[in-house]
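J.: Residue numbers (the numbering used here): 36 to 88.
The C-beta atom is built at its ideal place from N, Cα and C for all residues, glycine as well.
Values in this document were obtained by computation on a predicted structure and should not be read as measured data.
Would you mind keeping the following structure in view while I ask a few things?
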Amino acid sequence: NQKDICLGVPVILGKNGWEKIVDYKLTEDEQATFNKSADAVRNMNAVLETLSL
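Below, the structure written as structure tokens:
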């Protein structure tokens, strides 16, 4: 589930912005890599939240 972070997805662009999200199935390896990347973003967000910036 990747609903708690913002990740880019492929879209079809038109003159007024995005028109359609391109939906396609990932292979198991691609999905695993995607999940690993999402986890890395989630972990970095957690680290950044602990810093007093």
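Taking C-alpha atoms, which residue in 68, 67 and 45 lies nearest to residue 59?
T.: Nearest option by C-alpha distance: 45.
J.: Skipping 5 residues on each side, what residues in its chain have a beta carbon closer than 8 Å to that of residue 77?
T.: Around residue 77: 39 and 40.
J.: Identify whether residue 82 lies in helix, strand or coil by the three-state DSSP scheme.
T.: Residue 82: helix per DSSP, three-state reduction.
J.: Pick from 75, 51 and 70: whose alpha carbon is nearest that of residue 61?
T.: That would be 70, whose Cα lies nearest to the Cα of residue 61.
J.: Quick check: what's the CA-CA separation for residue 37 versus residue 73?
T.: Going by the C-alpha atoms only, they are around 7 Å apart.
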